[in-house]
Every structure is written in C-alpha cells, then in structure tokens.
Amino acid sequence: MDADDTVVSQRILVVDDDPRICRLLCRYLEKEGYSVDTAGSGQAMWRALKSRPYNLIILDLRLPGGEDGLSLARKLRSQTDISLIMLTGRSDSADKIVGLELGADDYVTKPFDRRELLARIRSVLRRAASRASPVSVSDQDNEVLEFGGWTLDINRRELTRIDGVPVSLTSYEFDLLAAMAR
Numbered sequence: 298m299d300a301d302d303t304v305v306s307q308r309i310l311v312v313d314d315d316p317r318i319c320r321l322l323c324r325y326l327e328k329e330g331y332s333v334d335t336a337g338s339g340q341a342m343w344r345a346l347k348s349r350p351y352n353l354i355i356l357d358l359r360l361p362g363g364e365d366g367l368s369l370a371r372k373l374r375s376q377t378d379i380s381l382i383m384l385t386g387r388s389d390s391a392d393k394i395v396g397l398e399l400g401a402d403d404y405v406t407k408p409f410d411r412r413e414l415l416a417r418i419r420s421v422l423r424r425a426a427s428r429a430s431p432v433s434v435s436d437q438d439n440e441v442l443e444f445g446g447w448t449l450d451i452n453r454r455e456l457t458r459i460d461g462v463p464v465s466l467t468s469y470e471f472d473l474l475a476a477m478a479r
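Mapping of the sequence shown onto our numbering: position 16 corresponds to residue 313, and the numbering continues sequentially without gaps.
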C-alpha cells in the first residue's frame, strides 16, 4: 500500500454549522485524497458516526441544538478514542486548554490556513495509525472482556483490576491488551 492508498482510505467527518466552512474543507480535503462527510450539529454528528466509521473528526465548538463542541468531545471520549481536531473561532487560552484536556488531539483557530490544517490532519492521523481500523460509535452495549478477575471495557477503553481500581494504559498498551484478550 503506497501513501496515496493510505490517504484514500482515510474518512474525515467535519462538524461545523457554517456551510461555507464545510464546503471549503470538503472540497480541499477531497482534492487531497480524503473521503469527507459533513454534519451541521451534534445530532447530525451522532447519526453520521452510527452510519459509518471515521478516522478523524474536525469539530467546531459553537454548534446549534444545545450541545457545544466541548460537551460533544467529552461524550466522544467516553465512548471512543477517535482522532479529534477542534477547529473554532475561540482563541482564548482557557478554551484551548479545556479542549485539549478533554481529549482533542489538536486545536486550530479560525481563520485558519488550509495548508497548516492539512499538515495537522496528517500529523494526527499518523499518530493514530497504530489503530487497526476507523472508529465508529455503536448502539450496542459496551463490549466488556473479563480475564483473571480483570475487566477490560473496550468501548470506554478502561482496564479495571480485580479490586475495582482502574489501571492507566497508553493507547498502544490498551490496543495490544484488547487484541490479546479477544
């Protein structure tokens, strides 16, 4: 598989209520070889995630419908480790810190340079390349594996000891353990 094949297999979901931003990113990223879908709200994002797997979400913080990007990021992180770039007009340091601490892999402020955003997308996807497949959100119950008294919650990406104490794992350690436990 060459570099072009890798890009073509990458699916990106752009979540932004500004149709101009969605069109711009869709055209630009598709020209770069990515498969791109858009969603204008949190509800549309969840529908898209349930319909197909994605490698990356580009998420605006200000969205209609009651849920902002920060609450969506929090929910995403509780269910999956999908790559996430926040793309927003909020440039305050506090917003950036909160976004990154909630689990965003990167934070880009509007207005943005398309080439810089593309470089950041490539960087985030490179770091996530150790994952076996794109990530989707399922309606099914969590997959929980138990072995030797330990509990491995696949969807929450949590390992719990026999005494109920959670164990911190790197993403690579978790993926390796999950593969062996299955």
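Virtual Cβ for every residue (Gly too), placed ideally from N, Cα, C.
Taking every protein chain shown into account, the CB of Y469 has fewer than 16 other CB atoms within 10 angstroms, so this residue is exposed.
Separation of L449 and R317 (C-alpha to C-alpha, rounded to the nearest whole angstrom) is 42 Å. With 16 or more neighbouring CB atoms inside 10 Å of its own CB, M342 falls in the buried class. Cα atoms of R479 and I451: separation of roughly 10 Å, rounded to the nearest angstrom.
The three-state reading of DSSP puts I418 in helix, counting H, G and I together. Per the C-alpha coordinates, the member of L321, S388, D392 and P350 positioned closest to S380 is P350. By a beta-carbon distance limit of 8 Å, L399 contacts R371. Their separation comes to about 5 Å. Under the three-state reduction of DSSP, R411 is assigned to helix. Around the beta carbon of L326, 16 or more other beta carbons lie within 10 angstroms, which makes this residue buried.
Per the coordinates, the alpha-carbon of V464 lies some 6 Å from the alpha-carbon of T457.
Annotation for D450: the continuous beta strand (DSSP E) segment containing it runs W447 to D450. The continuous beta strand (DSSP E) containing S380 extends over residues S380 to T385. Between the alpha carbons of S420 and L414 lies a gap of roughly 10 Å.
Around the beta carbon of L473, fewer than 16 other beta carbons lie within 10 angstroms, which makes this residue exposed.
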